[in-house]
Each structure stands twice: as structure tokens, then as C-alpha cells.
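Colleague:
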Amino acid sequence: MPEFTIIMPCFNAAKTLNESIGALLSQTIRDWELICIDDGSTDDTPKLLKGWEDADPRIKMLRNIGKGPSAARNMGAHHATGEILCFCDADDLWVPSKLETLHRAFLDDTTDGLFGRVAFFRRRGKADAHSTVPKAPLSVPLLMGENPVCTTSNISLRRKVFLQSGGFDSNMVHNEDLEWLIRLVGSGASINGLDQLHVWYRTNPQGLSSDLVAMSRSRQRVLATARSFGFQPDRRAEAIYMRYLARRALRLGHYGSSAIYLTFSGLMQSPRAFLFPLRRGLLTAIGSLCAPLLPKSLRRSLFNR
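UniProt numbering puts the sequence shown at residues 1 to 305.
1. Using DSSP with H/G/I as helix, E/B as strand and the rest coil, what is L48?
2. Candidates I65, A119 and G113: which alpha carbon is nearest R158's?
3. For M61, report the span of its beta strand (DSSP E) as first-last.
4. Just to confirm, are G143 and P134 a CB contact at a threshold of 8 angstroms?
5. Helix, strand or coil: which one does DSSP assign to N154?
6. With C-beta atoms as the reference, is L262 less than 8 angstroms away from L184?
7. Figure out for me which residue from L293, I21 and R248 has the closest Cα to the Cα of residue 309.
8. Quick check for students: name the residue ranges of the alpha helix (DSSP H) that lie wholly in the UniProt domain "Glycosyltransferase 2-like" (5-162), counting only runs of 4 or more.
9. Assuming contact is defined by CB atoms lying nearer than 8 angstroms, are G33 and H103 in contact in what I supplied?
10. Using the three-state DSSP reduction, which class does R202 fall into: helix, strand or coil?
11. Which residue comes first and which comes last in the alpha helix (DSSP H) that contains Q232?
12. Go ahead and pull the three-state DSSP assignment for G266.
13. Does the beta-carbon of A189 have 16 or more other beta-carbons within 10 angstroms, so that it is buried, or is it exposed?
14. G193 bridges to which residues according to DSSP?
15. Assign H78 to buried or exposed, taking buried as 16 or more other Cβ atoms, counted over all protein chains shown, within 10 Å of its Cβ.
16. Got a sec? Which residues, its chain only, sit under 6 angstroms from F115 by beta carbon, not counting five neighbours each side?
Given below as C-alpha cells:
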């Protein structure tokens, strides 16, 4: 059995699928399997997946038509044979050393899950921004503020821990990864960050994760899960979360109503929590109002995580 199982939900991903799988084939460790779950694609995704399945015995294609990415990830996990589960969306790219880094870090038996840094990009090889990795393990308060994992493509964990968690809530369309992470760490899972680049995250202004106002509204389901583990949300945490979404809006090029709405929502919760530290908060507030007037290079500098 392989050490790693990589789970990739796919829906109409023909434009980026080959590039994403190619990045996995470039891994310096080859002890892995890839389970691709097609969610009813109407483009060439099934044809491309069949070609990869025929070309490499480590690659398998499953179908889970119309069930959504959370159900696809759950299905992949239940078919996995690897000890460590990793997730990769069909438009994201892994750095070649990611699995090798994870292999070394998972030698620590007390570690249940790991994540690294993320580079946000629109053009390959040119990062618009980078995430930061906290020194402390993930906690519910940290996740309820600015989620440092950023994307499901950045999380890896032991298969037994995933199965114990119950998997993703397949009824959620937005914030399902955050809700799942809160259940994980709330139940005692030890998930640590590695200060190394692991993932290139393709920013897609039309993607589900780019509907930032809808993400803010789905917050109530996340809050309910957090409360079940004793977390009492306050205005400070909500302000930091709104700042996180506003910064994401600015990185995605949503310089109009989305960024302004999220910024003012955060300021109404707690002006101080939103604005400090100034390099993040004040610049975000100014950027929401002034970004359309700024040069692209300056925008990238201001909103780099």
C-alpha cells in the first residue's frame, strides 16, 4: 500500500487538469496513489482522466455525479489505501518537494495533520501573494480568525484521523473546509504548520471560493460548530475574519462592492481588531477604497499575506 493517497475532486477542469496532475507526477517521492473523482463534468475532464488512468497504475478515476466537492473528497477518502491523505484541487499545483517534506514531518507520531505556505497566482511562476504559517498548532480561535490553511489543497492528515472526524459536511457549499478543520482541532487533532511553500493556489474570480459575500453568510454554520467545542465568538474574531475575506477579495481583483462590503462589516464589528496590526488592517481598509486607482504592482505588495 502507498504511503500517500492524493484525492482530487474534478468538475469541468479540462483546462487545468493536466497541469495539476503533471505537478503531482513531478513529486520527488513516488510512493503515492491519486484518486480523481469526477462530479459529472460536461467537458473533456472524463476523457483526460481516463487517459491518465490508462497511463499510470497509481491513478484511479471514480464518478460521483452531481454530489459536489465535499462528497467527492469523502468518497476518495473511503477508497484510499494510503496512511496519509492529501487533497489537491484540479486547478492547483504542488511544489515537487511537498510529499518529501510531509514524509519527514509525519515521522513524528504525535502529528495528526500538516499544512504549509501557499502562493496565490494567476499566471504560473508569478505569485501575487503568499500565506503565512503560525508557529503554534491550529486552534479553533486561530481558524475562526484568519484561517492559515487557506485551501484544502494545503492540508494533509492521517487517514484514521480523517475517518474519525466524519469527513466533510456534504450539505455545505461554502466554508465546508473550515467547518471540518474546526471539528478536527476541536476534537483534539494536532495539526501543525510547516514554514515551506507547498501549494500554488490558482485564484479564479469565478470559482466557488471567490464568492466571498456568500462565504461570510455561511459563517453561521461554522460558528455553530465552533460553539459546540466551547468557543464563544466575539466581535474581535468576526472583525478579523471579515478582514481576511476583504484581503482575499483584493487579491482576487474584487476592487468594488465585495471588498468595501467586507471591510465595513469588519469595522462595524471591531474597528481596533480590524485595523491592527496596521500593516494588515489599515492597508486593507485603504485598499478597499483606493485599490482601483493603484498600480497592479503596488496592489500585490500591499495585499501580500
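For every residue, glycine included, the Cβ atom is placed at its ideal position computed from N, Cα and C.
Modeller: The short version:
1. Three-state DSSP puts L48 in a helix.
2. Of the candidates I65, A119 and G113, G113 places its Cα closest to the Cα of R158.
3. Taken as a continuous stretch (DSSP letters only), the beta strand (DSSP E) holding M61 covers I59 to R63.
4. In the sequence under discussion, the amino acid at residue 143 is Leu, which differs from the Gly named in the question. No.
5. Three-state result, N154: helix.
6. If you check the CB distance, L262 and L184 do not come in under 8 angstroms.
7. Lying before the first or after the last residue shown, residue 309 is absent from the chain, which here runs from 1 to 305.
8. Within the UniProt domain "Glycosyltransferase 2-like" (5-162), the runs of alpha helix (DSSP H) at least 4 residues long that lie entirely inside it are, in chain order, 17-25, 45-55, 69-79, 98-105 and 140-144.
9. A quick correction: the sequence has Glu, not Gly, at residue 33. Cβ distance not < 8 angstroms, so E33 and H103 don't count as in contact.
10. Collapsing the DSSP output to three states places R202 in a strand.
11. Looking at the DSSP string, Q232 is not in any alpha helix (DSSP H), and its letter there is neither H nor E.
12. Assigned with DSSP and collapsed to three states, G266 falls in helix.
13. Answer is buried; the Cβ neighbour count reaches 16.
14. Bridge partners of G193: F115.
15. Exposed: under 16 other Cβ atoms inside 10 Å.
16. So the list reads V149, N154, I155 and G193, once near-sequence residues are dropped.
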